[in-house]
Every structure is written in structure tokens, then in C-alpha cells.
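Please read the structure below before turning to the comments.
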Amino acid sequence: MRTHVTILDEVLDPKAWFTEIEVSEDTGAVAAFVGKCRGEKGRLKALELEHYPGMAEAEIGRIMEAAHARWELFDLFVVHRTGIVPVGEPIVLVAAGSVHRDAAFDAVRFVMDFLKTDAPFWKREHLVDGTVGEWIDAKESDDNARERWAEAPATA
């Protein structure tokens, strides 16, 4: 399996990264997820994202290894943005190539669920009124999404 992890402090262009995904003769599916900074009903101007250099990449690598242990994957990509990310811009791209679509979709969701809880990234809100919020705590829904993988069987 080919893996790729990049953490950027510049604009993340998903289209440019899609060209990096290698597709072999055996690849039957490529699934991708792009997470964007949402406006929170007009109150958010941007998110500020920080990470723990070196540790973030290592943890993402462990998450990818766990995905590969569950599914037959040929390619697995994670590109994550840091710095100030304005509303509407991409924050993260996760893409997986596999023999079958179920494995590709499940691997992308698995990686995203673990990124949200295990990788050392922090974020805080920059509001349209000019104020900067506190660092945001993890959500219970993210923990619940991660926990469902404890019982979920791997797909082909």
C-alpha cells in the first residue's frame, strides 16, 4: 500500500492532490472526503488550526496502518491544513484506493473518524465580529464515531 501524509500551512487544493492518487489495474474504486470550514450560520470568519509537528504525522501514519490492516487498500492519502482557514476553504482531504468501493468508502470514514479524535490537531474560531474564541474541545459525537469501529467488521 502506498501512503501519503502532508500537513500544509497554505491553501489545500483537492483537485491538485487527486492527480497524485495512483490507480493500478486492480483498483476498482477511489473514494475521497474533503472537509471544509463552514460558516456556522454566518458567525464564523475562519478556523485557526495548529498541530504537534512530527507527532501528528506519526499518529496519522498509525491510523493509516490500522486502516490497511482492516481493508485491502492500494493508496491512502491524508492532506491536512493548518494555520488560518477561511470559511469555505478545505481543511482536510482523505482518499483511498481499493479493489472494491465498500473498502474505499469505509477506509476513508475510518481514517476521518480517528483523525478527529486521535491526531494532535487543535482549532479555535475566529468570528466575524473580530473576536477570537477559545480552543475548541472534542465533541462527544466524534468520540462516538470512533467507538463504532470497535465492533464494525471490515468490508472487502
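Anchor point for the sequence shown: position 9 equals 171 in this note's numbering, and the numbering is continuous, going up by one each time.
Backbone N, C-alpha and C fix where the C-beta goes; we use that ideal spot for every residue, glycine too.
Looking at the strands, I want to know which residues DSSP matches up with V167. V240, per the DSSP bridge assignment.
What is the DSSP secondary structure of S260, reduced to helix, strand or coil? Of the three classes helix, strand and coil, the one that applies to S260 here is strand, per DSSP.
So what does DSSP say about W284, is it helix, strand or coil? If DSSP states are grouped into helix, strand and coil, W284 belongs with the strands.
Taking the CB atoms as reference points, tell me whether A281 and V270 lie closer together than 8 Å. Judged by their CB atoms, A281 and V270 are not nearer to each other than the 8 Å cut-off.
Element boundaries [alpha helix (DSSP H), containing G216]: Premise fails: G216 is in no alpha helix (DSSP H) and is neither H nor E.
Looking at P248 and V196, is the spacing between their C-beta atoms short of 8 Å? In this structure, V196 lies away from P248, with their beta-carbon atoms at least 8 Å apart.
According to DSSP, what are the bridge partners of K198? Answer is P252.
Using only alpha-carbon positions, find the residue among K285, G190, K278 that is nearest to S303. The option with the nearest alpha carbon to S303 is K278.
Enumerate in chain order the residues of its own chain whose CB-to-CB distance from A266 is below 7 Å, with the five nearest sequence positions on each side excluded. Excluding its 5 nearest sequence neighbours in each direction, A266 has C-beta neighbours in its own chain below 7 Å: A191, V192, A193, A258, G259, S260, listed in chain order.
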